[in-house]
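Asks:
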Amino acid sequence: MTLLESVPNVSEGRDPVVIGSIALALRGRGRVLDIHSDADHHRSVFTVVADADDLVHSLLNGIARAAELIDLRRHDGIHPRIGAADVVPIVPIENGQMELAQEVALALGRRVGTELGLPVFLYGESGGGKRPAFFRQGGPAELQRRIDAGDVKPSFGPSLLDSRAGGVLIGARPLLIAFNIDLATGTLDDANAIAAAVRESGGGMRGVQALGLLLPASGRVQVSLNVIDVAAAPLVDVVDRVRDLAASRGVEVGPSELVGLLPEAAVAPAAALGLAGLPDDRVLERRL
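Each residue of the sequence shown is one higher than the one before, starting from 20 at the first, in this note's numbering.
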C-alpha cells in the first residue's frame with residue numbers, strides 16, 4: 020500500500036464539538052495521526068494518512084463537514100484564510116510520490132468543485148508553484164474582487180466564493196514543518212522584524228516563510244514559521260537564526276511549538292528546538 024499524507028487546515032480552533040466532527044469525517048477511510056488546535060489562530064491542523072483513493076474520500080468528507088459547520092462571516096482568528104477548509108495539501112511521504120500526489124490533488128479538486136460546489140484554487144506543485152499567500156492576501160473579499168476582475172480564476176467549481184465556507188486551496192507539495200517560536204520579551208514589531216529577516220522573501224533563509232503574530236487571548240508574541248524546504252533549511256538552524264536575530268534586538272526567546280508532526284530528517288534534541296520534549300508520536304515516520 021502506498022500511503023500519502025494530507026494536512027488539512029480548517030478555520031476552527033475553539034469548538035471541540037466542531038473539531039471532533041471534522042476529525043470523525045476525516046477518519047471515514049483515513050487515519051488521523053494528529054490534531055493541533057489553536058484558539059488564537061482559530062485554526063486546527065489535522066494530519067491524515069491513507070492510500071490515494073481513500074485519501075480523496077476522507078478529505079472530501081472532511082471538507083464537506085467543515086463547510087457545513089464553519090461560518091467564515093463569524094471568524095475572528097489571526098491566521099490568514101480564504102475558506103472554512105482553508106488549505107488541503109497532498110504530501111508525498113517517500114521519494115518518487117509527487118506525481119501521484121498531484122493526481123490525488125486534481126481528483127480531489129474536481130470533486131470538491133463539482134460535488135460540493137466550492138471554488139477550488141490549485142497551489143504548490145499543482146498550481147505552478149503559487150503559495151497560499153498568493154490567494155490569501157486581503158482575505159476572502161479581496162480574493163473575490165480579484166476573481167471578478169479576472170486576475171484569479173478557480174481551477175474547479177464556481178467563480179463565486181461561498182458566503183459561509185469561502186473557497187478551498189488544494190495542491191501537492193513536499194513535506195514542510197509548521198513551527199512557532201514565542202518571544203519571552205519584545206513586541207509585535209520585534210516579531211515582525213525577526214520574521215522579515217529570517218524568511219526567504221526578505222533575503223533570509225532559503226525555504227523559510229515567517230510571520231510575526233500577536234496572540235490576543237494570551238498576549239503572547241510569536242514568530243510563526245513554515246519551513247517549506249527541509250533540506251535547505253534544517254529546523255535547528257532556523258531556530259538558531261531566530262534566536263540570533265532576537266538577541267541582536269535585545270529580545271529573549273521563549274518556548275517553541277510544533278504544529279502537526281515532524282519529519283524524521285528534521286529531528287534534533289528537543290532543547291535545541293526550544294521544545295519541552297519530542298516524543299516518538301510527534302515524529303511522522305515513527306507514527307507510521
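Cβ atoms here follow ideal geometry from the backbone N, Cα and C, with glycine treated the same way.
Nearest to residue 79 by CA position, among 303, 34, 89 and 134, is which residue?
Replies: Minimum Cα distance to residue 79 is reached at 134.
Asks: Between 260, 231 and 236, which lies nearest to residue 95 when the distance is taken from Cα to Cα?
Replies: It is 236.
Asks: Could you tell me the distance, in whole angstroms, from the CA atom of residue 241 to the CA atom of residue 214?
Replies: If you take the alpha carbons of residue 241 and residue 214, they lie about 9 Å apart.
Asks: Near residue 157, what residues of its chain come up, given a Cβ to Cβ distance below 7 Å and the 5 sequence neighbours on each side ignored?
Replies: Cβ neighbours of residue 157 beyond the five flanking positions: none.
Asks: How close, in whole Å, do the beta carbons of residue 100 and residue 30 come, if the pair is a contact with beta carbons under 8 Å?
Replies: So it is a contact: roughly 5 Å between Cβ atoms.
Asks: If you draw a straight line from the C-alpha of residue 27 to the C-alpha of residue 298, how long is it?
Replies: Their backbone Cα atoms lie some 23 Å apart in a straight line.
Asks: Give me whichever residues DSSP pairs with residue 241 in a beta bridge.
Replies: For residue 241, which the question treats as bridged, DSSP gives the partners 201 and 232.
Asks: Going by CA-CA distance only, name the one from 161, 283 and 254 that's closest to residue 291.
Replies: Residue 291 has its Cα closest to that of 254, out of 161, 283 and 254.
Asks: Could you tell me the boundaries of the beta strand (DSSP E) in which residue 50 lies?
Replies: From DSSP, the beta strand (DSSP E) with residue 50 extends over 50 to 57.
Asks: Which residue spans inside the segment 58 to 130 form an unbroken alpha helix (DSSP H) run of at least 4?
Replies: Listed in chain order, they are 71 to 88 and 117 to 130.
Asks: Name the two residues that bound the continuous alpha helix (DSSP H) containing residue 213.
Replies: Residue 213 -> alpha helix (DSSP H) spans 207 to 217.
Asks: Given a threshold of 16 other Cβ atoms within 10 Å of its Cβ, counted over all protein chains shown, does residue 218 qualify as buried or as exposed?
Replies: Burial call: buried.
Asks: Find the nearest neighbour of residue 68 within the set 25, 164 and 131, judged by alpha-carbon distance.
Replies: Cα-wise, what sits closest to residue 68 is 25.
Asks: Mind checking which residues open and close the alpha helix (DSSP H) that includes residue 37?
Replies: Its alpha helix (DSSP H) spans residues 35 to 45.
Asks: For residue 256, which three-state DSSP category applies?
Replies: In this structure, residue 256 counts as helix in the three-state DSSP scheme.
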